[in-house]
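Participant:
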Amino acid sequence: MKFNGRNVHISKKARLGENVRIGDNTVIHDNVHIGANTTICDNCEIGEPTADYYSDPAYRNAPTVIGADALIRSGSIIYAGVTIGQRFETGHRVTIREACLIGDNCSIGTHGDLQGQLTIGHNCRLHSSVHLCRESKLGDQVFMYPFSVLLNDRYPPSTEVAGPEIGDFTQIGAHAVVVGQVSIGNHCLIAANATVTSDFDDHSFLLGSPAKRRSDVRELRSEDGIQLYPWKQRFSRNMPWEDADKDRSGC
Amino acid sequence: MKFNGRNVHISKKARLGENVRIGDNTVIHDNVHIGANTTICDNCEIGEPTADYYSDPAYRNAPTVIGADALIRSGSIIYAGVTIGQRFETGHRVTIREACLIGDNCSIGTHGDLQGQLTIGHNCRLHSSVHLCRESKLGDQVFMYPFSVLLNDRYPPSTEVAGPEIGDFTQIGAHAVVVGQVSIGNHCLIAANATVTSDFDDHSFLLGSPAKRRSDVRELRSEDGIQLYPWKQRFSRNMPWEDADKDRSGC
Amino acid sequence: MKFNGRNVHISKKARLGENVRIGDNTVIHDNVHIGANTTICDNCEIGEPTADYYSDPAYRNAPTVIGADALIRSGSIIYAGVTIGQRFETGHRVTIREACLIGDNCSIGTHGDLQGQLTIGHNCRLHSSVHLCRESKLGDQVFMYPFSVLLNDRYPPSTEVAGPEIGDFTQIGAHAVVVGQVSIGNHCLIAANATVTSDFDDHSFLLGSPAKRRSDVRELRSEDGIQLYPWKQRFSRNMPWEDADKDRSGC
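Residue numbers (this note's numbering), protein chains in the order written: chain H, 16 to 266; chain D, 16 to 266; chain G, 16 to 266.
1) From the beta carbon of His107/H, is the nearest beta carbon of chain D less than 7 Å away?
2) Just to confirm, is the Cβ distance from Gly127/D to Ala114/D under 7 Å?
3) Classify Asp258/G as helix, strand or coil using the three-state DSSP reduction.
4) Do you know offhand how far Glu175/D's Cα is from Asp168/D's?
5) So what does DSSP say about Glu150/D, is it helix, strand or coil?
6) Let's test the definition: count the other Cβ atoms within 10 Å of the Cβ of Gly112/H and tell me whether it reaches 16, buried, or not, exposed.
7) Name, please, each residue of chain H whose Cβ falls closer than 7 Å to the Cβ of Thr110/D.
8) According to the Cβ coordinates, are Gly136/G and Gly124/G closer than 7 Å?
9) Please check if any C-beta of chain G sits within less than 7 Å of the C-beta of His146/H.
10) Taking 7 Å as the threshold (C-beta atoms), are Ala191/D and Ala209/D in contact?
11) Quick one: does Val176/D have its CB under 7 Å from some CB of chain H?
12) So, does the CB of Thr41/D fall closer than 7 Å to a CB anywhere in chain H?
13) How many Å lie between Asp39/H and Pro64/H at the Cα?
14) I'd like to confirm the pairing. Which residues does DSSP put opposite Met159/H in its beta bridges?
15) Quick one: does Phe18/D have its CB under 7 Å from some CB of chain H?
16) Are the Cβ atoms of Gln182/G and Ile199/G separated by less than 7 Å?
17) When you check each C-beta in the segment 82-100 of chain H against every C-beta of chain D, which residues fall closer than 8 Å?
18) Do Ala77/G and Ala95/G have their C-beta atoms within less than 7 Å of each other?
19) I'd like to check one pair, Leu86/G with Thr110/G: are the Cβ atoms closer than 7 Å?
20) Please list the residues of the segment 152-175 of chain D that have a C-beta atom closer than 9 Å to any C-beta atom in chain G, keeping them in chain order.
21) Go through its chain and collect everything with a Cβ distance to Phe162/H's Cβ below 7 Å, but skip five positions before and after it.
22) Counting only Cβ pairs nearer than 7 Å, list the residues of chain H close to Tyr69/D.
23) Roughly how many whole angstroms lie between the Cα atoms of Arg36/H and Ser26/H?
24) Hey, is Gln130/D's beta-carbon within less than 7 Å of any beta-carbon in chain G?
25) Have a look at Gly106/G, Gly100/G, His107/G, Thr134/G and flag the residue whose alpha-carbon is nearest the alpha-carbon of Asn120/G.
26) Name, in chain order, the residues that DSSP records as bridge partners for Gln242/H.
27) Could you pull out every residue in the same chain whose Cβ sits closer than 7 Å to the Cβ of Lys149/G, ignoring the five residues on either side in sequence?
28) Can you confirm whether Ala66/G, when its beta carbon is compared against all beta carbons of chain H, has any partner nearer than 7 Å?
29) Using a Cβ-Cβ cut-off of less than 7 Å, give me the residues of the segment 214-246 of chain H that come near chain G, in sequence order.
30) Where Lys152/G and Cys56/D are concerned, what is the direct C-alpha to C-alpha distance, given to the nearest angstrom?
31) Write down the C-beta distance between Gly62/D and Thr79/D rounded to the nearest angstrom, noting that I regard them as a contact closer than 8 Å.
32) How is the beta strand (DSSP E) around His48/G delimited, first residue to last?
33) Threshold first: 3 residues or longer. Then list the beta strand (DSSP E) segments lying entirely within the segment 70-123 of chain D, N to C.
34) At what residues does the beta strand (DSSP E) containing Asp231/H begin and finish?
35) Within 7 Å (strictly less), CB to CB, does Asn46/G reach chain D?
36) Between the beta-carbon of His218/G and the beta-carbon of Arg233/G, is there less than 7 Å?
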């Protein structure tokens, strides 16, 4: 049904690995390198030129690298100068601006909006409509939920660009706002609708506007009395420890 | 100006009713059934295959049904396996994932994001940028405002999928978050920016994070002293009781 | 790399200035007037017909005016009847519905959603995913941050259409909600996640849900003790006083 080669444009300066599929109406610009077995769906723009392209006759597209085994869904735009690891996955109409560095096994949901010049570790999962500011930094296994945002400017407008830095395994709830050059530790949980404006240590459960530390996440229990955090022990889907878990459970 | 047949692809396995119009650059995939007098605008993907399509050579597209008299605006994506009633309307770039069941006379605004396997009753109206999680359920005449979300996971991440269930006539304000397997009654009003994490009875006016019952909605008055809720008595546009209202007022 | 003329459609009733560039897969509808040196990128719909087009055989597209030196990024939709000044800039997939009036030197970020029949002054900057309701009004130099919204209906649903009015230089933080026919003065700062439901005077720093005046913005200091507001003295990028600042600093 797809991949009919209708209205596709692939630059002669792009390099595609084996078994790469390119959807209809998609453009692959200069100096894009796509790893083997990656699928780019319809209506995408890969290696989108930066603003200079429109005014600088000497503009040259920076290299864009997408690793092997990716699935980029339709309508997504990935700018020139982005580097992405293996097994990347997106929803629809994702925007990734220039000079983002994204690790292996990450996913970005529909309408995700990455403002460029930021760093994401491995195994991160951004649900729909997450917005990351420039110069923000996610560790490994950071999950963000719909409409959560990282911002770099507490008293706007300003020329500041330093954004938040989020530790490994931290979960950022829906509609949460983390703003300014703050550092959030590993294994934190930021509640839905919280507004985080200062640094917090590992294992903090953060709530409110401005967010305060309500407790240690290790104190949180399910209704059955099971310890909920760190969450690694109860969630493994698409995580590096998934197979080990399957082995243990005999599946 | 539109419907010029440029770069349109309609599967031979799709079935279109009388007077159906298909916009430029739109794809109608296998096993899509479109009712009479429906208009699909430019750049849409209807019957979009699910993730299995990319890896399963035996993949077959589930039937997608869109009722008569619909208006689907440009850039919208409706997955295979979705069933939608009569007189459906969307804004631009709406995403409706697989196995959603949507009643008659519903509308979904620009950037609406329905995560699949959910149920929406009749006469519901979702304004721009509403996000619904899997396994959520809306009754009839539920209205949701910009950036409101239903989520299924209170202590993320987890493998839980049970989402909120919202009663008839309930209004969910802008930026409100309803999270977990909670049940909200009929005729409730959830204030803008509220975070709802537990069950509430009919006629509740909910406010805050976590949301608490502030009053019975029937106590709310306009500045002129008019009772505001239930709202059926003061709003009828595109609702089933619209004509009766017009008859009464002599229009 | 771009502007190859692939699958472009320009109405014979459109009028394009000198050096206008139109991206691939873009449609320019009837009665669109585009000023000199403006660039419209790929996959845009300019002069998009209003809802009447689908049902009224006598429909005629209202004039759409985009000033000189604009850069409209890919996937954007601008409806018929919109009037925009000079040096306009957008991110990707912006939606501007009918009869919006936008001044000079404004920018609207990715996924911006303007609901029509609203007014924006000069030098305004809307970051990603800002939503403006009908009949809202922004003064000059108003900046809005991701997911902030203006809404016109405090006790929804209703047939009210009067939206908020925002004064010059006011900053509206991420995820803030301003709702109803309220008037916010000049030089205000609305904090992230605030919910504003009443009028406020010039220089108000607003916080919370419902938002209260926390202080005069002129009392806010940076960590170095510098007065932060009015912000005109510390931020000039792309603002009319930029060159004067450069002259003063000797750059």
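Built from N, CA and C at the ideal position, the CB exists for glycine as well.
Facilitator: So, from the listed chains and residues:
1) For the purposes of this step, residue 107/H is identified with residue 92 of the first sequence, where counting begins at 1. Yes - at least one Cβ of chain D is within 7 Å of the one on His107/H.
2) Residue numbering aside, residue 127/D sits at position 112 when the second sequence is read from its first letter. Residue numbering aside, residue 114/D sits at position 99 when the second sequence is read from its first letter. Contact: no.
3) Locating residue 258/G in the third sequence gives position 243, counting from the first residue. Reduced to three states, the DSSP call for Asp258/G is helix.
4) Translated into the one-based positions of the second sequence, residue 175/D becomes position 160. Translated into the one-based positions of the second sequence, residue 168/D becomes position 153. Distance between the alpha carbons of Glu175/D and Asp168/D: 6 Å.
5) For the purposes of this step, residue 150/D is identified with residue 135 of the second sequence, where counting begins at 1. Note: Glu150/D maps to coil in three-state DSSP.
6) Position 97 of the first sequence holds residue 112/H. The sequence shown places Arg at residue 112/H, not Gly. Buried: at least 16 other Cβ atoms inside 10 Å.
7) Translated into positions along the second sequence, residue 110/D becomes position 95. Result: His107, Thr125.
8) Taking the first residue of the third sequence as 1, we reach residue 136/G at position 121. Taking the first residue of the third sequence as 1, we reach residue 124/G at position 109. No, Cβ-Cβ distance for Gly136/G and Gly124/G is not below 7 Å.
9) Here the question's residue 146/H lines up with position 131 in the first sequence. It does: the Cβ of His146/H has a partner Cβ on chain G nearer than 7 Å.
10) In the second sequence, residue 209/D corresponds to position 194, counting from 1. In the second sequence, residue 191/D corresponds to position 176, counting from 1. Going by C-beta atoms, Ala209/D is nearer than 7 Å to Ala191/D.
11) Stepping through the second sequence from its first residue, residue 176/D is reached at position 161. False, the Cβ-Cβ gap to chain H never drops below 7 Å.
12) Here residue 41/D refers to the residue found at position 26 of the second sequence. It does not; no Cβ of chain H falls within 7 Å.
13) The residue given as residue 39/H occupies position 24 in the first sequence. The residue given as residue 64/H occupies position 49 in the first sequence. Going from the Cα of Asp39/H to the Cα of Pro64/H covers about 20 Å.
14) Looking up residue 159/H in the first sequence gives position 144. Per DSSP, Leu141/H, Ile187/H.
15) Counted from its first residue, the second sequence places residue 18/D at position 3. Not an interface residue.
16) For the purposes of this step, residue 182/G is taken as residue 167 along the third sequence, with counting starting at 1. For the purposes of this step, residue 199/G is taken as residue 184 along the third sequence, with counting starting at 1. Correcting the residue identity first, residue 182/G is Gly in this sequence and not Gln. The answer is yes: Cβ separation under 7 Å.
17) So the list reads Leu86, Ser89, Gly90, given in the order they occur along the chain.
18) Numbered from 1 along the third sequence, position 62 holds the residue referred to as residue 77/G. Numbered from 1 along the third sequence, position 80 holds the residue referred to as residue 95/G. Taking 7 Å as the Cβ cut-off, Ala77/G and Ala95/G qualify as a contacting pair.
19) As a first step, residue 110/G must be located in the third sequence, where it is residue number 95. As a first step, residue 86/G must be located in the third sequence, where it is residue number 71. No, the pair does not count as a contact, with Cβ atoms beyond the cut-off.
20) Phe158, Tyr160, Pro161, Phe162
21) Position 147 of the first sequence, counted from the start, is the residue given in the question as residue 162/H. Counting only Cβ-Cβ distances below 7 Å, and skipping sequence neighbours, we find Ser144, Ala189, His190.
22) Counting from one through the second sequence, the residue named residue 69/D turns up at place 54. Simply Thr54, Leu86.
23) The residue labelled residue 36/H in the question sits at position 21 within the first sequence. The residue labelled residue 26/H in the question sits at position 11 within the first sequence. Whole-angstrom Cα-Cα distance: 15 Å.
24) Taking the second sequence and counting its residues from 1, the one referred to as residue 130/D is at position 115. By this cut-off, Gln130/D is not an interface position.
25) Locating residue 120/G in the third sequence gives position 105, where the first residue counts as 1. Answer by Cα proximity: Gly100/G.
26) By 1-based counting over the first sequence, the position of residue 242/H is 227. According to DSSP, which records beta bridges pairwise, Gln242/H is partnered with Arg236/H.
27) In the third sequence, residue 149/G corresponds to position 134, counting from 1. Reading the sequence as shown, one finds Arg at residue 149/G and not Lys. Result list for Arg149/G: Gln130, Gly131, Gln132, Leu133, Asn167, Val176, Gly178, in chain order.
28) In the third sequence, counting from the first residue as 1, residue 66/G sits at position 51. So no, Ala66/G is outside the interface.
29) Ser224
30) Within the third sequence, the letter at position 137 stands for residue 152/G. Within the second sequence, the letter at position 41 stands for residue 56/D. Distance between the alpha carbons of Lys152/G and Cys56/D: 30 Å.
31) Here residue 62/D refers to the residue found at position 47 when the second sequence is read from its first residue. Here residue 79/D refers to the residue found at position 64 when the second sequence is read from its first residue. The pair is a contact, with the Cβ atoms about 4 Å apart (cut-off 8 Å).
32) For the purposes of this step, residue 48/G is identified with residue 33 of the third sequence, where counting begins at 1. Here the beta strand (DSSP E) through His48/G covers 47-49.
33) 79-81, 92-94
34) As a working mapping, residue 231/H is identified with position 216 in the first sequence. Looking at the DSSP string, the run of the beta strand (DSSP E) that includes Asp231/H is 227-231.
35) On the third sequence, position 31 is the one that residue 46/G refers to. No - not a single Cβ of chain D is within 7 Å of the one on Asn46/G.
36) Your numbering for residue 218/G matches position 203 in the third sequence. Your numbering for residue 233/G matches position 218 in the third sequence. The Cβ atoms of His218/G and Arg233/G sit closer than 7 Å to each other.
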